[in-house]
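Enquirer: Sending over a structure as structure tokens; questions will come in a sec.
In the working numbering, the protein residues as written are 20 to 113.
In structure tokens, the structure reads:
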């Protein structure tokens, strides 16, 4: 039961991050300006879509009692968060 609650929390976080990134493809956020840099805008949009898709899979994982599926989705989510952070780090102004 606790794992389902934690996966639900992860689903909400993934959906929030994905929605935030999709709504900020043309607005500045966190010292980043995707409205001025087309490459950054594409990266933000790509990761927004990825996190929304991962949120859908995570929501499905709540109802499937397969621990391998749940673990796989959570590991992929963590890896994608790390990749996103590292890619966005390269666009920070110094």
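Backbone N, C-alpha and C define an ideal beta-carbon position, used for all residues, glycine too.
Just so it is clear, the structure is predicted and the values come from calculations on it, not from any experiment.
1) Cutting at 8 Å between CB atoms, please list the residues of its own chain near residue 38, excluding the five before and the five after it.
2) Taking the alpha-carbon of residue 102 as reference, which of 69, 21, 50, 83 has the nearest alpha-carbon?
3) Near residue 53, which residues of its chain fall below 6 Å by C-beta distance, leaving aside the five closest residues on each side in sequence?
4) Does residue 110 come out as helix, strand or coil in the three-state DSSP assignment?
5) Measuring alpha carbon to alpha carbon, tell me which of 108, 104, 80, 105 ends up nearest residue 29.
6) When the distance is taken between beta carbons, is residue 31 closer than 8 Å to residue 89?
7) Can you give me the C-alpha to C-alpha distance between residue 78 and residue 85, rounded to a whole angstrom?
8) To the nearest whole angstrom, what separates the beta carbons of residue 110 and residue 51, a pair I think is in contact under 8 Å?
Expert: Quick look at the numbers:
1) 67, 71
2) 69
3) 44, 59, 60, 63
4) coil
5) 80
6) no
7) 13 Å
8) 6 Å
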